[in-house]
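For the sequence shown, our numbering gives the first residue as 732, with consecutive numbering after it.
In this text, a Cβ means the ideal position worked out from N, Cα and C, and glycines have one as well.
These figures come from a predicted structure and were not determined experimentally.
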Amino acid sequence: MDKIIVYVDDADHAQQLLAPLAAKEPAHQRHWVLVACAPRMTHRVSKWVSHSARESWRNKWADKLFAQIIPGAGLQPSQVTTVLAKIPLAELTEQLQSQTQHACGRPAQVLDARKPRMGTEAQIGVNASAERPSPPSSWPGVLGSVLAGCSTLWALALD
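Now the structure itself:
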């Protein structure tokens with residue numbers, strides 16, 4: 732039986748990615764490990780909300796997410812294991828891979844079905860410093876020069 736580890740944070744986006752995969756092969760040949768990646772809370776939230784209340788909210792959020800994804804993607808509940816990510820994803824991936832390798836003898840496939848953030852690529856286990864950001868645009872400097880030149884010409888034309 733193949734195991735597939737899937738990281739999710741949005742039900743609609745995950746259903747779009749998982750439905751074709753779930754329909755591809757019979758359900759008894761795959762076991763899905765759905766990992767919920769809850770939204771981050773600011774560090775200032777601890778002033779108003781206790782740790783147990785935050786954990787309770789995260790658990791309820793994950794249960795609601797799984798309740799939407801499992802039937803919506805056409806997955807069998809008996810073939811799904813749900814996990815709530817409480818540690819960094821790189822560490823969690825290593826733990827899940829070692830459990831899978833111990834049980835099945837081969838590593839599980841990993842699928843990142845999280846909704847991409849604007850302007851960034853979500854990648855698991857990739858050093859973010861390896862990718863260099865593009866240099867800033869030179870348009871602000873060009874625009875300033877053009878405006879300065881136009882205002883100079885305008886001043887000369889008025890004289």
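Coarse secondary structure for residue i, derived from DSSP in three states
i, result
"Asp741", "coil"
"Leu878", "helix"
"Leu887", "helix"
Beta-bridge partners of residue i, as assigned by DSSP
i, result
"Lys846", "Its beta-bridge partners do not exist; DSSP assigns none."
"Gln840", "Ile735"
C-alpha distance - residue i paired with residue j, whole-angstrom precision
i, j, result
"Asp794", "Ala879", "59 Å"
"Thr773", "Ala888", "56 Å"
"Ala673", "Phe797", "Because the chain is modelled from 732 through 890, residue 673 falls outside the range shown and cannot be assessed."
"Val811", "Glu822", "21 Å"
"Val841", "Ala784", "31 Å"
"Thr831", "Gly805", "23 Å"
"Gly836", "Ser829", "9 Å"
"Pro820", "Ala754", "Residue identity differs from the one stated: residue 820 is Leu in this sequence, not Pro. The straight-line gap from Cα to Cα measures roughly 27 Å."
"Leu884", "Val877", "11 Å"
"Gly715", "Arg775", "Past the boundaries of the shown model lies residue 715; the chain is included only from 732 to 890, so the question cannot be answered."
Proximity below 8 Å, CB of residue i to CB of residue j
i, j, result
"Asp827", "Ala844", "Note on identity: in this sequence residue 827 is Leu, with Asp being the wrong assignment. Not in contact: Leu827 and Ala844 (Cβ atoms no closer than 8 Å)."
"Ile800", "Val766", "no"
"Gln760", "Asp733", "yes"
Any non-hydrogen atom of the ligand COA within 7 Å of residue i CB
i, result
"Val877", "The ligand COA is not among the ligands present in this structure, which contains no ligands whatsoever."
### Query
Curious, which full-length alpha helix (DSSP H) runs of at least 4 residues does the segment 747-817 contain?
Correct list: 782-803.
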